[in-house]
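Engineer:
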């Protein structure tokens with residue numbers, strides 16, 4: 001009975017897949033009653049900020065800014081793949097200020113984040129960076145260059161590859177036939 005009720009509420013409120021219903025309702029209050037991140041079409045924590053949300057393209061089940069304290073600045077565009085996870089305090093910065101005119105931003109390619117990526121707490125991704133599928137960015141890292149091959153763990157300032165990941169999915173213990 002409880003599962004059926006959740007399904008009805010999820011359908012009526014149009015709660016996206018993998019988003020907690022309580023978080024979604026709280027998000028609606030902050031967004032539509034208080035006007036915080038009103039133009040953002042996906043669930044965003046009330047302490048996160050999104051600049052130029054119309055220039056963000058999201059894959060399935062990816063919600064940057066749903067954790068507290070995130071800053072998503074998409075002036076030059078941000079493209080995010082399917083099922084990406086973003087920790088609290090993450091910064092996605094797609095444009096730098098022009099050093100000769102602070103009212104302008106420098107043009108740069110968009111930030112591109114592949115499918116199934118994980119960006120750890122307080123990590124920052126800078127303009128023009130491309131991350132391939134299955135890339136993990138460690139907490140506090142600053143990503144200044146692209147890693148389009150994916151399947152790696154990045155850490156540090158500036159971020160560098162500290163581990164390569166297998167492109168084949170790990171076997172689950174239930175896969176054993178013995």
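In full-length UniProt numbering, the protein residues as written are 1 to 178.
Here a beta-carbon is modelled for each residue, glycine too, at the ideal position from N, C-alpha and C.
So what's residue 51 in DSSP terms, helix, strand or just coil?
Structural biologist: Within the chain shown, numbered from 1, the residue matching residue 51 stands at position 51. Three-state DSSP puts residue 51 in a strand.
Engineer: Kindly provide the ranges of any beta strand (DSSP E) runs that are 3 or more residues long and lie completely inside the stretch 9 to 83, ordered along the chain.
Structural biologist: You should have 49 to 51, 56 to 58, 71 to 73 and 78 to 80.
Engineer: Kindly list the residues whose CB is nearer than 6 Å to the CB of residue 46, restricted to its own chain and excluding five residues on each side of it in sequence; keep chain order.
Structural biologist: In the chain shown, counting from the first residue as 1, residue 46 sits at position 46. The answer, listed in chain order, is 30 and 36.
Engineer: Would you give the residue range spanned by the beta strand (DSSP E) that residue 92 belongs to?
Structural biologist: Taking the first residue of the chain shown as position 1, residue 92 is located at position 92. Segment 91 to 93, the beta strand (DSSP E) holding residue 92.
Engineer: If you run the structure through DSSP and keep just helix, strand and coil, what is residue 133?
Structural biologist: Along the chain shown, read from residue 1 onward, the residue named residue 133 stands at position 133. Three-state result, residue 133: coil.
Engineer: Residue 120 and residue 131 - do their beta-carbons sit closer together than 7 Å?
Structural biologist: Start at 1 with the first residue of the chain shown, and residue 131 comes out as number 131. Start at 1 with the first residue of the chain shown, and residue 120 comes out as number 120. No, the pair does not count as a contact, with Cβ atoms beyond the cut-off.
Engineer: For residue 78, tell me which candidate among 33, 69, 88 and 64 has the shortest Cα-Cα distance.
Structural biologist: Within the chain shown, residue 78 is the residue found at index 78, counting from 1. Minimum Cα distance to residue 78 is reached at 64.
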